[in-house]
Amino acid sequence: MRAFVLAAGLGTRLRPLTRLLAKPMVAAGDMPLLERAIRQLAVAGITEIGINLFYKPESIQAYFGDGSRFGVQITWFDERLPLPGQQGQRREPLGTGGGLKAAEEFLTGDGSDTFVLVNGDAWHTFDLAEVAAAHEPDAIATMVVHRDRRRPELHLLKCAVGSHMAGFIHRPPMNLDELEAYEGSGFLGIYTGVAVYSTRVLSHLPTGRVSGLVVHGLQPAVRAGETIRWHQAEGLWLDCGTIDELQRADTYARSVRTLPSEQKIASVGE
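The sequence shown begins at 72 in the working numbering and counts up one residue at a time.
And the structure:
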């Protein structure tokens, strides 16, 4: 099984930090977010990793190289470069769907019918091997969810009783009463940016243009009869897309360095 890390974001919500640093190089606990993601994948035994880039890619590639010092093999996807049949440097990232579609050959090249997808701007303590094992072949995706009512602006998923996902909430609930009304017999989970996907999802994504994984990939797949499952992994999850959340992650990361699980992550490749 291979993995793909989404790391092509511009990091506008993290300015002024990202005026000088690429978003994946912003650190929590003295470790760049992207480095932590790579080390966690390596701990889970996933060593073939694709990573897409757009903003300040040279600094990222200079730091990680081919990934060998972290015990992995990295394949880079620079989204500034023109797609086949196009000319000139691109002016915007390809989006979550377009980035995966551009990496289709990589994601299907190992003969596996699944891959792990990780957002490069999240800090978590999930066991990615356990997450991968939770995926069922009948599902086109198994999305790791978290319950955090402090962050209703993030992507919300309708999680039905059992493990089936009933849908997506495009407009976040405005207040607690509306949130509870949405929940009904299940609950609303925040998508953590960690998931296991069937390579079948790639066939639903358009070729050669900007696209979103949910709108252009998952929703058409569900309409075609595919199933999405949710999985509530054990551990802490912190979105690092804002300065406040990054500071929370940094504080926590510095406090847990002595835990065995964190020592294992920190020691990969050393």
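Using N, Cα and C, we set each Cβ at its ideal position, and we do this for glycine too.
Quantities reported herein were computed from a predicted structural model and do not represent experimental measurements.
- Between G306 and A200, the C-beta spacing is not below 8 Å.
- Judged by beta-carbon spacing, F186 lies beyond the 8 Å limit of V215, meaning their Cβ atoms are not closer than that value.
- DSSP places R300 in the uninterrupted beta strand (DSSP E) bounded by 298-302.
- Bounds of any beta strand (DSSP E) do not take in G80, whose DSSP letter is neither H nor E.
- In chain order, D184, I211, A292, E297 place their CB closer than 8 Å to the CB of R271, counting only its own chain and leaving out the 5 sequence neighbours on each side.
- DSSP, read as helix, strand or coil, puts A108 in helix.
- Shown here, L178 sits in a helix according to DSSP, grouped into three states.
- Contact check for A74 against V189 passes: the beta carbons are separated by less than 8 Å.
- Residue burial annotation: Q144 is exposed, with fewer than 16 other C-beta atoms found within 10 angstroms of its C-beta.
- Note on geometry: alpha-carbon atoms of G169 and F125 lie some 13 Å from one another.
- Here T263 carries a strand assignment [DSSP, helix/strand/coil].
- Within the stretch 93-158, the complete beta strand (DSSP E) segments of 3 residues or longer fall at 119-124, 144-149, listed in chain order.
- Short of 7 Å from the beta carbon of D209, and not among the five residues preceding or following it, lie these beta carbons of its own chain, in chain order: T298.
- The closest CA to that of G80, considering only P128, V265, L317, I109, is found on P128.
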